[in-house]
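Each protein sequence line maps, in turn, to chains A and B. Counting from 23, one number per residue, gives the positions in the first sequence under my numbering. Counting from 23, one number per residue, gives the positions in the second sequence under my numbering. Glycine included, every Cβ here is placed at the ideal spot set by N, Cα and C. Below is one structure; the comments refer to it alone.
2 protein chains.
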Amino acid sequence: MQNFDFLSPTKIIFGRGVHSRVGAETAQIGNTILVHYGSDRVKTSGLLDEVIASVRDAGVDVVLLGGVKPNPRLELIREGIELCRRKGVDGILCVGGGSVIDSAKGIAAGVPYTGDVWDFYTAAAEPDGALPIGVVLTIPAAGSEASPGSVVTREKEQQKFFFNSDLVRPRFAILNPELTFTLPQYQTAAGVTDIMSHIMERYFTLEENVDLTDRLCEATLRTVIHNVPKALATPEDYAARAEIMWAGTIAHNDLLSTGRIGDWSSHNIEHELSAQYDVTHGAGLAVIFPAWMKHVYTRDLERFVQFAVRVWDVDYRAHDMEGVALEGIRRLTEFFSRIGMPTTLAELGVTDRRYDEMAKQALRFGPLGNFKLEAPDVVRIYELAEG
Amino acid sequence: MQNFDFLSPTKIIFGRGVHSRVGAETAQIGNTILVHYGSDRVKTSGLLDEVIASVRDAGVDVVLLGGVKPNPRLELIREGIELCRRKGVDGILCVGGGSVIDSAKGIAAGVPYTGDVWDFYTAAAEPDGALPIGVVLTIPAAGSEASPGSVVTREKEQQKFFFNSDLVRPRFAILNPELTFTLPQYQTAAGVTDIMSHIMERYFTLEENVDLTDRLCEATLRTVIHNVPKALATPEDYAARAEIMWAGTIAHNDLLSTGRIGDWSSHNIEHELSAQYDVTHGAGLAVIFPAWMKHVYTRDLERFVQFAVRVWDVDYRAHDMEGVALEGIRRLTEFFSRIGMPTTLAELGVTDRRYDEMAKQALRFGPLGNFKLEAPDVVRIYELAEG
């Protein structure tokens, strides 16, 4: 087990009806608040109006900025920074999912910074201050509601970049599973794929003696695997929605990576798909993750066997470790397919095989993950992702 | 799943050698610090001197208060409050285990309070402020390093009382598993029993649809069960000590009770043993917990079956739920015995059968736990604890 620091200070407010507390919580983080949002769903459902009313009732001035799209854009962050400075905004309230929160994190860190916010994403600078952030979560997926990370796309260059800073971890996150009843099936499934990937990327470590976090990862994965089909079959199944929503936060608040060094190759390899083809991040992961596994499983066979046995209940068989490991990967792929995710690049609409170019982008900071994947590895993973 | 708020803001600093960071961390919480400790082990090992030197090097003034005993005493808390006021102390650094931290929490909340600190323990008042607390943990057991609770004994009256307040959750906790290498076997085992009890008291809920926290509880229990025999066999097994130490914090920082209503009957019933006979809390729990289980298991049979199957790998058998549940309880008892814990009242030296009196004390705030145990139940549990 590696030495670690762990601090997850986000206050979680979880359950039925809890978004009615947004006004009181928001008043704790500022007097003038940017309410940041994206999808039409928050408007048509009436949620946005309800949130704004609650915040105003608490005596807080509201500045609005909508328009966040999946794979959030740098341009909107720059616009948000200017808006916050002009209006004297002192906190940001997100109403939405990971894209809105990631966009807010860029704005929050950018407001007190004298340079260009893009510096954080290229690692040219680190935030040394940030506006406080609150969240009303509508999509369990990115885990951004309790994470230090922000991922954005620079549109023109088709580049996806991220930064991590504890300064942008939200102060509070309001998680009402009822708000996810109206999520389209595809978004529910893509969100769950993102959640599972966050766990699996922590799980596939080369570190030994990480029993507790291994088992916590397996516990969270099994919970999601059990509950997603229920939520898809009955969108208003509160219990299933609640398990998924809480699992999504736990998956990415860093508890599951304490003492471990994870392997984020799949996220990096997928980010090139999202950036270049604008595919849904979770759907891209459903294609890339099993392909990554097929490429690397022999390099850490015992862990892939443990994954198969403990997460997917594959029967352990003597003298067939590879067979056991492959059966685990097969069951993961089958699960993604069963919940309506694509499992090949073609199903994502990616057929022009620009693998060399994407591999080059994915490797711009050096070899990927614990297996130190190089360009031929990444190209091979894209090829395996053809199915 | 119940609605819940969850906030665990303690910064965890975990690993080999990390107690060297105590000076820098302590300087964040005050200029004049009470260093609070108990056992001789921290003095003879040189740890206390090392900590004091680090804190002074960071420019912090130190006031010393030792003398904390297991089952911490109210009188010392009152002394600490006076001392802190007199010396202008603005933070408390604990060097020790749960008893030291619980004592510090009483002091921390008592300093700014105008009444008697005992009011918090009798629920006559709630803290509305507290000095910040830091911890260098030497015993994984109570989980007090990230919990809001403080338990103390009022000596004359042989009463054990507690209060909970988020205001006394430590700001930081330094967890170096190496510091537990010198723990006596009995204290290691008693600490683990306390850890397991914290998890099981959360686990035995009547709440349904708590898949994720069920599985997180099982994960943490299995980790402890696997690693304790290793730590007992090889006291300097860093990996085993590390798993136990991190599990001890997770067991009691409230993550595992999110959305559930646990059942703290065993803790309450054991507290009367600790208060009246001054037995080690963990050892008392090893005797009481299985007795409580034997008394109540038929009232929530399916959960006790799940515990047997998922935690103890008992084979599920059709048409024998009771047999499966009892086998789980048997394996738990056998485990306690194997790690050197007593499993009967006689082994604790408790033979005078003052059960009516203890039951009355245990029930002073009303019936206990989810099964609303009354005096005859509690007496029966003490009888079952005779073995």
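*Measuring CB to CB, does Arg191/A end up less than 9 Å from Thr32/A?*
Counting from 1 along the first sequence, the entry for residue 191/A is found at position 169. Counting from 1 along the first sequence, the entry for residue 32/A is found at position 10. The answer is yes: Cβ separation under 9 Å.
_Euclidean distance between Cα positions of Leu159/A and Gly102/A_ = Position 137 of the first sequence, counting from 1, holds the residue named residue 159/A. Position 80 of the first sequence, counting from 1, holds the residue named residue 102/A. Between Leu159/A and Gly102/A, the alpha-carbon positions lie close to 20 Å from each other.
*Can you round the beta-carbon distance between Val44/A and Val84/A to whole angstroms, since I take them to be within the 8 Å contact cut?*
Locating residue 44/A in the first sequence gives position 22, counting from the first residue. Locating residue 84/A in the first sequence gives position 62, counting from the first residue. Actually they are not in contact, since the Cβ atoms of Val44/A and Val84/A sit about 12 Å apart, beyond 8 Å.
_Can you confirm whether Val40/A, when its beta carbon is compared against all beta carbons of chain B, has any partner nearer than 9 Å?_
Locating residue 40/A in the first sequence gives position 18, counting from the first residue. Look at Val40/A: its C-beta is under 9 Å from a C-beta on chain B.
*Unbroken beta strand (DSSP E) runs of length 3 or more, entirely within the segment 108-152 of chain A: which are they?*
Inside the segment 108-152 of chain A, DSSP marks whole beta strand (DSSP E) runs of 3 or more residues at positions 113-118, from first to last along the chain.
*Are the C-beta atoms of Pro251/A and some chain B residue less than 9 Å apart?*
As a working note, residue 251/A is residue 229 in the first sequence. Under the 9 Å criterion on CB atoms, Pro251/A is classed as non-interfacial with respect to chain B.
*For a contact meaning CB atoms closer than 7 Å, what does Asn25/B contact in chain A?*
As a working mapping, residue 25/B is identified with position 3 in the second sequence. Scanning chain A for C-beta atoms nearer than 7 Å to the C-beta of Asn25/B yields Phe36, Gly37, Arg38 and Val40, reported in chain order.
*Is any beta-carbon of chain B found at less than 9 Å from that of Gly281/A?*
Locating residue 281/A in the first sequence gives position 259, where the first residue counts as 1. Judged by the 9 Å Cβ criterion, Gly281/A is in contact with chain B.
_I'd like to know if Ser30/A contacts chain B, where contact means its C-beta is closer than 9 Å to some C-beta of that chain._
As a position in the first sequence, residue 30/A is number 8, starting the count at 1. With 9 Å as the cut-off, Ser30/A counts as an interface residue toward chain B.
*Three-state secondary structure (DSSP) at Pro31/B?*
As a first step, residue 31/B is located in the second sequence; it is residue number 9 there, counting from the start. Collapsing the DSSP output to three states places Pro31/B in a strand.
*Counting Cβ pairs, one atom from each stretch, are 3 or more of them under 8 Å apart for the segment 191-200 of chain A and the segment 310-318 of chain A?*
Under the three-pair Cβ rule at 8 Å, the segment 191-200 of chain A does not count as touching the segment 310-318 of chain A.
_Three-state secondary structure (DSSP) of Gly102/A_ = Sequence index remark: in the first sequence, residue 102/A carries index 80 (1-based). It is helical.
_For Ile351/A, tell me which candidate among Leu367/A, Asp342/A, Gly362/A and Phe329/A has the shortest Cα-Cα distance._
Here residue 351/A refers to the residue found at position 329 when the first sequence is read from its first residue. Among Leu367/A, Asp342/A, Gly362/A and Phe329/A, the Cα nearest to that of Ile351/A is on Phe329/A.
*Sequence-distant residues of the same chain with beta carbon closer than 6 Å to Arg263/B, five excluded per side*: Sequence index remark: in the second sequence, residue 263/B carries index 241 (1-based). Excluding its 5 nearest sequence neighbours in each direction, Arg263/B has C-beta neighbours in its own chain below 6 Å: Pro199, Thr202 and Ala253, listed in chain order.
*asked:* Am I right that Gly119/B and Ala163/B are in contact with their C-beta atoms under 8 Å? What's the rounded C-beta distance?
replied: The residue you call residue 119/B lines up with position 97 of the second sequence. The residue you call residue 163/B lines up with position 141 of the second sequence. Taking 8 Å as the upper bound for CB-CB distance, Gly119/B and Ala163/B are in contact here, some 6 Å apart.
*Please state whether DSSP places Leu96/B in a helix, a strand or coil.*
Taking the first residue of the second sequence as position 1, residue 96/B is located at position 74. Secondary structure at Leu96/B: helix, using DSSP grouped into helix, strand and coil.
_Can you tell me whether Val309/A is helix, strand or coil according to DSSP?_
On the first sequence, residue 309/A is found 287 positions in, with the first residue counted as 1. In the three-state scheme derived from DSSP, where H, G and I count as helix and E and B as strand, Val309/A is classed as helix.
*Using only alpha-carbon positions, find the residue among Gly165/A, Tyr59/A, Phe28/A and Leu153/A that is nearest to Ile272/A.*
In the first sequence, counting from the first residue as 1, residue 272/A sits at position 250. Out of Gly165/A, Tyr59/A, Phe28/A and Leu153/A, Gly165/A has the C-alpha closest to the C-alpha of Ile272/A.
*Could you list which residues in chain A have their beta carbon closer than 9 Å to that of Glu240/B, in chain order?*
Stepping through the second sequence from its first residue, residue 240/B is reached at position 218. Near Glu240/B (Cβ distances below 9 Å), the residues of chain A are Arg237 and Ala241.
*What is the DSSP secondary structure of Asn186/B, reduced to helix, strand or coil?*
Here the question's residue 186/B lines up with position 164 in the second sequence. Three-state result, Asn186/B: strand.
*Quick one: list the residues of chain B neighbouring Asn186/A, beta-carbon separation under 7 Å, in chain order.*
Residue numbering aside, residue 186/A sits at position 164 when the first sequence is read from its first letter. Within 7 Å Cβ-Cβ: nothing; Asn186/A doesn't reach chain B, min ~17 Å.
*Give the secondary structure of Leu385/B by DSSP, where H, G and I count as helix, E and B as strand, and everything else as coil.*
The residue labelled residue 385/B in the question sits at position 363 within the second sequence. Correct three-state label for Leu385/B: coil.
*Would you list the residues sitting across from Val335/B in a DSSP beta bridge?*
What you label residue 335/B is simply residue 313 of the second sequence in a count that begins at 1. For the sequence presented, residue 335/B should be read as Asp rather than Val. Answer by DSSP bridge pairing: none, since Asp335/B is not bridged.
_Let me check one thing: in DSSP terms, what residues is Thr302/A bridge-paired to?_
Reading the first sequence from its first residue, position 280 is the one you call residue 302/A. Thr302/A pairs with nothing; no bridge assigned.
*Which residues DSSP lists as bridging Ser288/B, in chain order*: Working through the second sequence from its first residue, we reach residue 288/B at position 266. Paired residues: none, contrary to the question.
_Best match in Asp236/A, Glu258/A, Leu390/A and Ala126/A for proximity to His289/A [C-alpha to C-alpha]_ = Reading the first sequence from its first residue, position 267 is the one you call residue 289/A. When only C-alpha atoms are compared, the closest one is Leu390/A.
_Extent of the continuous alpha helix (DSSP H) to which Thr175/B belongs_ = Counting from 1 along the second sequence, the entry for residue 175/B is found at position 153. It is not in any alpha helix (DSSP H) - Thr175/B instead sits in the beta strand (DSSP E) that spans Gly171 to Arg176.
*Round the Cβ separation of Val111/B and Thr48/B to the nearest angstrom and send it over; I've been treating them as touching at under 8 Å.*
Here residue 111/B is taken as the residue at index 89 of the second sequence, counted from 1. Here residue 48/B is taken as the residue at index 26 of the second sequence, counted from 1. Not quite, the Cβ-Cβ distance comes to about 12 Å (not below 8 Å), so this is no contact.
*Since Asp71/A is in the alpha helix (DSSP H), which residue starts that stretch and which ends it?*
Here residue 71/A is taken as the residue at index 49 of the first sequence, counted from 1. Run containing Asp71/A: Leu69 to Asp79, per the alpha helix (DSSP H) assignment.
*Leaving out the 5 sequence neighbours to the left and right, which residues in its chain are closer than 7 Å to Thr204/B when beta-carbon positions are compared?*
Working through the second sequence from its first residue, we reach residue 204/B at position 182. Cβ neighbours of Thr204/B within its own chain (closer than 7 Å, five residues either side excluded): Arg63 and Ser67.
*Residues of chain A with a CB under 8 Å from the CB of Thr66/B: which are they?*
The residue labelled residue 66/B in the question sits at position 44 within the second sequence. Under the 8 Å cutoff, chain A gives no residues; its nearest Cβ is about 26 Å from Thr66/B.
*So what's Thr365/A in DSSP terms, helix, strand or just coil?*
By one-based count along the first sequence, residue 365/A stands at place 343. The answer is coil: DSSP assigns Thr365/A none of H, G, I, E or B.
*asked:* Here's the rule I'm using: 16 or more other beta-carbon atoms within 10 Å means buried, otherwise exposed. How should His341/A be labelled?
replied: For the purposes of this step, residue 341/A is identified with residue 319 of the first sequence, where counting begins at 1. So His341/A ends up on the exposed side.
*Pick out whichever of Asp71/A, Val139/A, Lys182/A and Glu177/A has its Cα sitting closest to the Cα of Met380/A.*
By one-based count along the first sequence, residue 380/A stands at place 358. Nearest C-alpha to Met380/A: Lys182/A.
*asked:* For the alpha helix (DSSP H) containing Val57/A, name the first residue and the last one.
replied: By 1-based counting over the first sequence, the position of residue 57/A is 35. Val57/A: not part of any alpha helix (DSSP H); member of the beta strand (DSSP E) spanning Thr54 to Tyr59, first to last residue.
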